[in-house]
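Everything below concerns the one structure shown next.
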Amino acid sequence: MAVKAHLLIRKGRVIDPASGRDEVADLLVEDGRLARIGASLDAPGAEIVEAEGHWVLPGLVDACVHLSVPGSGRAGDIASETRAAAAGGVTHLAAQPDCGPVDSTAVVRLIREQAGQAGFARVLPVAALTQGLEGHQLAEMATLARAGCIAVGQGGAPVADALVLKRGLEYAATFDLPVMFRPQEAALSAGGCAHDGPVATRLGLPGIPAVAESVELARDLLLVEATGVRAHFQQISSRDSLPLLRAAKARGLPVTADVSVHHLLLDESAVEGFNSQCHVIPPLRGAADREALLAAVADGTIDAVCSQHQPVGSSSKAAPFPSTKPGISGLDTLLPLMLKLAEDGALPLARALDAVTAAPARCLGIQAGHLEPGRPASLCVLAADESRTLSSHWLSAGRNSPWLHSRLPGVVKLTVCQGRVSWLSD
């Protein structure tokens, strides 16, 4: 296990969206804790990190990562994917319940042990709401929470029976467990692989209509209101869902939401030529949807942005488009793409950084994403003025990304996770 850090990070631009701090300062990490932030700090015996010209940010919090365990059918393993996370400045990540599935304490223990042995990032398991994610019998949520799960969900698997879902939400509310939803009505989306729009029609691809999301979201919000459970809605993709979220928040429901970063940068045109690297679920929708999602992140209707990391092998993307596995490997690109959105003027820098640090931490109900003196240090040092082509620096075992050969801004020089150095750039 890595030794707790004793570092003096000097003269970096310290940006902490949670506190509104944006200034050049020193940070002192003592015995793994963030001790002080201030000008011209002195710390005899500390290792000096010269950060002049660089940014010092809270460690990123990724609210949706699909990790690999034996039998999951995904590329890589927990060590390889958390290493990619650390290199991208991510210190905390929510492992979705399809990693196993997470319906037994043995699976929770396996995930936590493997993540602890790797030592790159803190993995926060999300428990299955139903046994085997089959949507029929409730999982032992309280037991799974005691084993270390921070929330419950279905990882995109449906619960068609509203009574089962209502009972599950009541159970979760009893233990104050957040429930993570990815709204997509099963019958309306069955067999679909692309947005039900002009591109899918022209290519002859079976479509998933936007209403598949909004009708499921409407049902789920009514059940949230009836049960009082804390709810987080994942990977919102349609502009039609946004008025429902705004109305729910206006009524005071305990509701948060996120969007994947690729839904902020790409639309249905990305699947032209049957580009399987852009086969994702929920699908990339129309240009108007993408613009509405960006506006919703800017105004806080959508709280957070996630990677929706799904690493798959190259052969899984080599079949005809409808037969390819959906997913984008996103841990290597989460921070660079958020920087690109800020550079392009699509989002203010402070909001772009908040959406991947403090905001997802609030959604998950965890103490992270904030440079708070006295707490275990989780931060990264970023060379924001540097850029690089990702293919030669890619660390995830899944190379399924439309940005694999792109040149993107930002190079993480150092990551500290829970008081220990988890990544140090060459």
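Our numbering applies: residue 114 is where the sequence shown begins, and numbers increase by one. Just so you know, even glycine gets a beta-carbon here, dropped at the ideal spot from N, CA and C.
task: Could you work out which residue in 378, 355, 473 is closest to residue 441 when comparing CA atoms only?
output: 378
field: Rounded straight-line distance, which links the Cα of residue 489 to that of residue 114
entry: In this predicted model, residue 114 has a pLDDT of only 40, less than 50, meaning its place in the structure is not dependable; the value taken from the coordinates is given anyway. If I take the Cα positions, the gap works out to 16 angstroms.
query: Using the rule of at least 16 other Cβ atoms within 10 Å of the residue's Cβ for burial, across every protein chain shown, is residue 256 buried or exposed?
result: exposed
task: Compute the beta-carbon to beta-carbon distance between residue 417 and residue 371, rounded to the nearest angstrom, for a pair I have assumed lies under 8 angstroms.
output: 4 angstroms
field: With 16 other Cβ atoms within 10 Å as the buried cut-off, status of residue 195
entry: buried
message: Do residue 224 and residue 479 count as a contact pair if the criterion is CB distance below 8 angstroms?
response: no
Distance CB(residue 148)-CB(residue 141) smaller than 8 angstroms: yes
message: Comparing C-alpha positions only, which one of 401, 406, 205 sits nearest to residue 358?
response: 406
- prompt: Does the beta-carbon distance from residue 271 to residue 321 come in below 8 angstroms?
  reply: no
query: Whose C-alpha, out of 362, 386, 352, is nearest the C-alpha of residue 580?
result: As shown, the chain starts at 114 and ends at 539. That puts residue 580 outside it, with no answer to give.
task: Provide the residue span of the alpha helix (DSSP H) that contains residue 279, from first to last.
output: 275-287
- prompt: Using the C-alpha atoms, what's the distance from residue 432 back to residue 137?
  reply: 51 angstroms
task: Could you tell me the distance, in whole angstroms, from the CA atom of residue 279 to the CA atom of residue 237?
output: 25 angstroms
- prompt: Does the separation of the CB atoms of residue 532 and residue 118 fall below 8 angstroms?
  reply: yes
For residue 225, the residue or residues it bridges with in DSSP: The partner list for residue 225 (beta bridge, DSSP) is empty, contrary to what the question assumes.
query: With which residues is residue 65 paired in a DSSP beta bridge?
result: Lying before the first or after the last residue shown, residue 65 is absent from the chain, which here runs from 114 to 539.
- prompt: Does the distance from the CB of residue 188 to the CB of residue 443 come in under 8 angstroms?
  reply: no
- prompt: Are residue 494 and residue 249 close, meaning C-beta to C-beta below 8 angstroms?
  reply: no
Buried/exposed call for residue 449, threshold 16 Cβ in 10 Å: buried
task: Give the secondary structure of residue 583 by DSSP, where H, G and I count as helix, E and B as strand, and everything else as coil.
output: The structure shown does not extend to residue 583, since the chain is modelled only from 114 to 539, so the question has no answer here.
query: Which runs of the beta strand (DSSP E) spanning at least 3 residues fall entirely within the stretch 369-442, listed in chain order?
result: 417-419
query: Does the beta carbon of residue 519 fall short of 7 angstroms from some heavy atom of the ligand ATP?
result: Ligands displayed in this structure: none; no statement on the ligand ATP is therefore possible.
Identity of the residues DSSP links to residue 140 by a beta bridge: 122, 150
task: Enumerate in chain order the residues of its own chain whose CB-to-CB distance from residue 345 is below 6 angstroms, with the five nearest sequence positions on each side excluded.
output: 291, 293, 369, 476
message: On the CB-based measure, 16 or more other CB atoms within 10 Å of its CB, does residue 175 come out buried or exposed?
response: buried
Proximal residues to residue 316 (C-beta, below 8 angstroms), its chain only, five neighbours per side dropped: 307, 384, 385, 387, 434
field: Among 295, 275, 233, 222, nearest to residue 259 - alpha-carbon criterion
entry: 222
message: Within 10 Å of its beta-carbon, does residue 71 have 16 or more other beta-carbons around it, so buried, or fewer, so exposed?
response: The question about residue 71 has no answer, for the chain in this structure spans 114 to 539.
query: Just how far apart, CA to CA, sit residue 213 and residue 220?
result: 6 angstroms
message: If you reduce the DSSP assignment to three classes, tell me which class residue 446 lands in.
response: coil
- request: Just mark residue 276 as buried or exposed, buried being the case when its beta carbon has 16 or more other beta carbons within 10 Å.
  value: exposed
field: Range of the contiguous beta strand (DSSP E) that encloses residue 171
entry: 168-171
message: Pull the bridge partners of residue 500 from the DSSP assignment, please.
response: 522
Secondary structure of residue 353, DSSP reduced to three states: helix
query: Between residue 203 and residue 239, is the Cβ-Cβ spacing less than 8 angstroms?
result: no
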